[in-house]
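Asks: Sharing a structure with you now.
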Amino acid sequence: MLSYLPSFAGGLLIGLSAAMLILLNGRVAGVSGILAGLGRPGGLRWLADGAFLLGLMLGPVAFAGLTGAWPQMRIAASLPILTLAGLLVGFGTRLGSGCTSGHGVCGLARLSPRSLAAVLTFLASGVLTVTLVRVLS
Amino acid sequence: MSAGARLAAGLRPAVALGSGLVFGLGLSLSGMLDPARVRGFLDVAGDWDPSLAFVLGGAVTVSAAAYALARRLRRPALDARFHEPTKTRIDPPLILGAILFGIGWGLAGFCPGPAVAALSTGALPVAVFVLAMLAGMGLHAALPASGARFTAASRDAR
Numbered sequence: 001m002l003s004y005l006p007s008f009a010g011g012l013l014i015g016l017s018a019a020m021l022i023l024l025n026g027r028v029a030g031v032s033g034i035l036a037g038l039g040r041p042g043g044l045r046w047l048a049d050g051a052f053l054l055g056l057m058l059g060p061v062a063f064a065g066l067t068g069a070w071p072q073m074r075i076a077a078s079l080p081i082l083t084l085a086g087l088l089v090g091f092g093t094r095l096g097s098g099c100t101s102g103h104g105v106c107g108l109a110r111l112s113p114r115s116l117a118a119v120l121t122f123l124a125s126g127v128l129t130v131t132l133v134r135v136l137s
Numbered sequence: 138m139s140a141g142a143r144l145a146a147g148l149r150p151a152v153a154l155g156s157g158l159v160f161g162l163g164l165s166l167s168g169m170l171d172p173a174r175v176r177g178f179l180d181v182a183g184d185w186d187p188s189l190a191f192v193l194g195g196a197v198t199v200s201a202a203a204y205a206l207a208r209r210l211r212r213p214a215l216d217a218r219f220h221e222p223t224k225t226r227i228d229p230p231l232i233l234g235a236i237l238f239g240i241g242w243g244l245a246g247f248c249p250g251p252a253v254a255a256l257s258t259g260a261l262p263v264a265v266f267v268l269a270m271l272a273g274m275g276l277h278a279a280l281p282a283s284g285a286r287f288t289a290a291s292r293d294a295r
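Laid out in structure tokens, this is it:
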């Protein structure tokens, strides 16, 4: 149980980030939506979205600075599979209006039935995909 | 716009930068930058790794408290109103989009947040994934049927 403490603590930080964004800026912390907003440059909104993404990228750098090691990252997928996966994630999160952060962290917190439906659907689809990949390979 | 409102608006990018940094730090600490762990969570029938449930549990606990507080406030500290999603209907695009996202998530072990955060590690596979993800978003925006309608509707619905 203790080995999951960093995961839980990391989760608390992610929740804190979402809390800052809604209580101070009045915005939902949904990464796919913020990322898509970058395609429409100009204005304070765009600047804030860019700043959020810059901060997000600085997170692992700060982690490395604080702990002396980069976060662990084991990527099994090949580049063609990563390309296919990226296309699906990009298209799917726009069509479905959100990802793990927008629907998961924020939508569930807002008690949104729409987000709960999305979370249950992408969890089921992810589980099925990983299971199929394991069985077939 | 009053001087106070201008100052508040000017502070929003700084808050967003701080919020992004805390998010990225949280992702790094939680182990969610590691696709093997994320896929381990999705592998319920195999060697299941429950980490992600603890991450989501911790995150939703704090953000639920914040949203409960937000519901009692008239406006956020630095803006005139809350910009929350307006769509409430569980419709086919929502479900189809979630299915496609889940497939990509399961294949790579990356979702948008961790992928963008991990760009700073300089790993090539991450850059490939993020470029493909941006292309997928661009493809959605370019489709006449879905693009204009859903992007316009979801612009505030993030």
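From first to last, the protein sequence lines are chains G and H. Residue numbering for the first sequence is 1 to 137, as defined by the working numbering. Residue numbering for the second sequence is 138 to 295, as defined by the working numbering. In this text, a Cβ means the ideal position worked out from N, Cα and C, and glycines have one as well.
Is Pro41(G) close to chain H? Criterion is C-beta to C-beta, closer than 7 Å.
Replies: Within the first sequence, numbered from 1, the residue matching residue 41(G) stands at position 41. No, no contact with chain H.
Asks: List the residues of chain H that Gly126(G) touches, going by C-beta distances under 8 Å, in chain order.
Replies: Indexing the first sequence from 1 puts residue 126(G) at position 126. Neighbours of Gly126(G) on chain H, chain order: Leu179, Gly239, Ile240, Trp242, Gly243.
Asks: With respect to the alpha helix (DSSP H) encompassing Tyr204(H), which residues constitute its N-terminal and C-terminal limits?
Replies: Here residue 204(H) refers to the residue found at position 67 of the second sequence. Tyr204(H) -> alpha helix (DSSP H) spans 188-209.
Asks: Does DSSP put Arg27(G) in a helix, a strand or coil?
Replies: Residue mapping note: residue 27(G) aligns to position 27 of the first sequence, counting from 1. In this structure, Arg27(G) counts as strand in the three-state DSSP scheme.
Asks: Ala69(G) touches chain H at which residues, Cβ-Cβ below 7 Å?
Replies: For the purposes of this step, residue 69(G) is taken as residue 69 along the first sequence, with counting starting at 1. Simply none; closest approach about 10 Å.
Asks: If we cut at 7 Å on Cβ distances, does Ser167(H) have a partner in chain G?
Replies: Stepping through the second sequence from its first residue, residue 167(H) is reached at position 30. So, interface residue.
Asks: Report yes or no: is there a C-beta of chain H within less than 7 Å of the C-beta of Pro60(G)?
Replies: If you number the first sequence from 1, residue 60(G) lands on position 60. With 7 Å as the cut-off, Pro60(G) counts as an interface residue toward chain H.
Asks: Listed in chain order, which residues of the region 5-19 of chain G have Cβ atoms closer than 7 Å to some Cβ of chain H?
Replies: If the cut-off is 7 Å between Cβ atoms, the region 5-19 of chain G has Pro6, Ser7, Phe8, Ala9, Gly10, Gly11, Leu12, Leu13, Ile14, Gly15, Leu16, Ser17, Ala18, Ala19 near chain H.
Asks: Which chain H residues are close to Gly92(G), counting only those with a beta carbon under 9 Å from its beta carbon?
Replies: As a position in the first sequence, residue 92(G) is number 92, starting the count at 1. Within 9 Å Cβ-Cβ: Leu233, Gly234, Ala235, Ile236, Leu237, Phe238, Gly239, Ile240, Gly241, Trp242, Gly273, His277.
Asks: For Pro281(H), which option in Leu136(G), Leu95(G), Leu44(G), Asp49(G) has the closest C-alpha, if you only look at C-alpha atoms?
Replies: Position 144 of the second sequence, counting from 1, holds the residue named residue 281(H). Taking only the C-alpha atoms, the option nearest Pro281(H) is Leu95(G).
Asks: Rounded to whole angstroms, how far is the Cβ of Val263(H) from the Cβ of Ala252(H), which I believe are closer than 8 Å?
Replies: Numbered from its first residue, the second sequence carries residue 263(H) at position 126. Numbered from its first residue, the second sequence carries residue 252(H) at position 115. Val263(H) to Ala252(H), Cβ: 6 Å. Contact.
Asks: Would the region 179-190 of chain H and the region 79-94 of chain G be scored as touching if the rule is three or more Cβ pairs under 8 Å?
Replies: These segments do not touch.
Asks: Hey, Gly30(G) and Ser101(G): beta-carbon distance below 7 Å or not?
Replies: Within the first sequence, numbered from 1, the residue matching residue 30(G) stands at position 30. Within the first sequence, numbered from 1, the residue matching residue 101(G) stands at position 101. A contact, by the Cβ cut-off of 7 Å.
Asks: Using a Cβ-Cβ cut-off of 7 Å, state whether Thr121(G) counts as contacting chain H.
Replies: Translated into the one-based positions of the first sequence, residue 121(G) becomes position 121. It does: the Cβ of Thr121(G) has a partner Cβ on chain H nearer than 7 Å.
Asks: Determine the extent of the alpha helix (DSSP H) in which Thr104(H) is found, giving its start and end residues.
Replies: Residue 104(H) lies beyond the range of chain H shown here (138 to 295); nothing can be said about it.
Asks: Taking 7 Å as the threshold (C-beta atoms), are Gly168(H) and Arg174(H) in contact?
Replies: Within the second sequence, numbered from 1, the residue matching residue 174(H) stands at position 37. Within the second sequence, numbered from 1, the residue matching residue 168(H) stands at position 31. For Arg174(H) and Gly168(H), yes; Cβs fall inside 7 Å.
Asks: Quick check: the region 41-56 of chain G against the region 126-133 of chain G, are there 3 or more CB pairs under 8 Å?
Replies: Result no; under three Cβ-Cβ pairs closer than 8 Å.
Asks: Between Thr225(H) and chain G, is the shortest Cβ-Cβ distance under 7 Å, so that the two count as touching?
Replies: Within the second sequence, numbered from 1, the residue matching residue 225(H) stands at position 88. For Thr225(H), the answer is yes, since a Cβ of chain G falls inside 7 Å of its Cβ.
Asks: How do the region 202-216 of chain H and the region 16-33 of chain G stand: do at least 3 beta-carbon pairs fall below 8 Å, yes or no?
Replies: Result yes; three or more Cβ-Cβ pairs closer than 8 Å.
Asks: Using beta carbons (cut-off 7 Å, strictly below), is Gly65(G) in contact with chain H?
Replies: Residue mapping note: residue 65(G) aligns to position 65 of the first sequence, counting from 1. So no, Gly65(G) is outside the interface.
Asks: For Ser188(H), return the contacting residues in chain G, with the cut-off set at a CB-CB distance below 7 Å.
Replies: Here residue 188(H) refers to the residue found at position 51 of the second sequence. Ordered by position in chain G, the residues that pass the 7 Å Cβ test against Ser188(H) are Tyr4, Ser7.
Asks: Should the region 2-19 of chain G be regarded as contacting the region 192-200 of chain H, the criterion being three or more beta carbon pairs within less than 8 Å?
Replies: Yes, the region 2-19 of chain G touches the region 192-200 of chain H.
Asks: At 7 Å on the CB atoms, spell out the chain G contacts of Met270(H), in chain order.
Replies: As a position in the second sequence, residue 270(H) is number 133, starting the count at 1. Those are Gly86, Val89, Gly90, listed as they occur along chain G.
Asks: Could I get the ranges of all uninterrupted alpha helix (DSSP H) runs contained in the region 33-120 of chain G, with 4 residues as the minimum, in chain order?
Replies: As far as the region 33-120 of chain G is concerned, its whole alpha helix (DSSP H) runs of at least 4 residues are 43-67, 79-95.
Asks: Say whether chain G places a C-beta atom closer than 7 Å to the C-beta of Ala289(H).
Replies: Your numbering for residue 289(H) matches position 152 in the second sequence. Bear in mind that a pLDDT of 47 at Ala289(H), under 50, signals an unreliable position, so the number given afterwards is only what the model happens to contain. No, no contact with chain G.
Asks: Going by beta carbon distance, what residues of the same chain come within less than 8 Å of Leu158(H), once the five residues before and after it are set aside?
Replies: Numbered from its first residue, the second sequence carries residue 158(H) at position 21. None.
Asks: Using a C-beta cutoff of 7 Å, does Arg209(H) count as contacting chain G?
Replies: The residue given as residue 209(H) occupies position 72 in the second sequence. Chain G, which has no Cβ nearer than 7 Å to the Cβ of Arg209(H), makes this no.
Asks: Classify Leu170(H) as buried or exposed, calling it buried when 16 or more other Cβ atoms lie within 10 Å of its own Cβ.
Replies: Working through the second sequence from its first residue, we reach residue 170(H) at position 33. Classification of Leu170(H): buried, given that the 10 Å Cβ count is 16 or more.
Asks: Relative to the C-alpha of Ala117(G), which candidate in Phe160(H), Leu271(H), Pro249(H), Gly234(H) has its C-alpha closest?
Replies: In the first sequence, the residue the question calls residue 117(G) occupies position 117. Cα-wise, what sits closest to Ala117(G) is Gly234(H).
Asks: Let me make sure I understand the geometry here. Which of Thr121(G), Arg74(G), Ala77(G) has the alpha-carbon closest to that of Pro230(H)?
Replies: Within the second sequence, residue 230(H) is the residue found at index 93, counting from 1. Ranking Thr121(G), Arg74(G), Ala77(G) by Cα distance to Pro230(H) puts Thr121(G) first.
Asks: Classify Met138(H) as helix, strand or coil using the three-state DSSP reduction.
Replies: In the second sequence, counting from the first residue as 1, residue 138(H) sits at position 1. In this structure, Met138(H) counts as coil in the three-state DSSP scheme.
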